[in-house]
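These notes are about the structure you will find just below.
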Amino acid sequence: MQADTKGQIATTEVDQDNLTLTVRLAGDTPPEMADVIASAPKDITTVVERARFSMADMQAAGKRIHEAVKRGEAPDYFAIVSNNDGSGLTVEVESGILAKTQTAAFDDPFEKAAGLPVEVKQGEPIVPTSRGNDADPWRGGAQID
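Under our numbering, the sequence shown has 183 at position 90, and the numbering climbs by one with no breaks.
Now the structure itself:
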């Protein structure tokens, strides 16, 4: 499907149980996408919702935050996540940083860098995994006979 010619798609979501596809777009539905939706099988429901920002917008904003952190203009973070509804970003930071700065001003360095709304919340660092560090729902290792 060549419908995202303007980078308008924010997210897509599939509900297999209810045979529903939800497409969130920043802007109006392009005619070629409307044609594809109209020709979809009738047992599949397609819902088009309005998003404030496209995925391309949110990814570019995430890169701007990363660059601001590298320049020392914003605190370090664990993760930057695009909000599924296309409303902006969520940035996860260390609990100690969050606890020290529980004011609305804390969002400013991230929002200033991103140029779009940013929610800041406590996150957890990514823990490297290996055979020596495995966890549920699986178990790694070897068996000796």
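Ideal Cβ placement from N, Cα and C applies to all residues, glycine included.
Query                                                                                                                                                  : Result
Report the three-state DSSP secondary structure of residue 214 (helix, strand or coil).                                                                : strand
Taking only three categories from DSSP, how would you classify residue 166?                                                                            : coil
Thinking C-alpha only, which one of 129, 137, 132 and 122 is nearest residue 109?                                                                      : 137
Under a three-way DSSP split, which group does residue 117 fall into?                                                                                  : strand
Mapping DSSP to helix, strand and coil, what is residue 130?                                                                                           : helix
According to DSSP, simplified to helix, strand and coil, what is residue 204?                                                                          : helix
Which same chain residues end up closer than 7 Å to residue 166 when comparing Cβ atoms and leaving out the 5 residues on each side of it in sequence? : 202 and 206
Which residue from 112, 173, 218 and 209 puts its Cα closest to that of residue 187?                                                                   : 218
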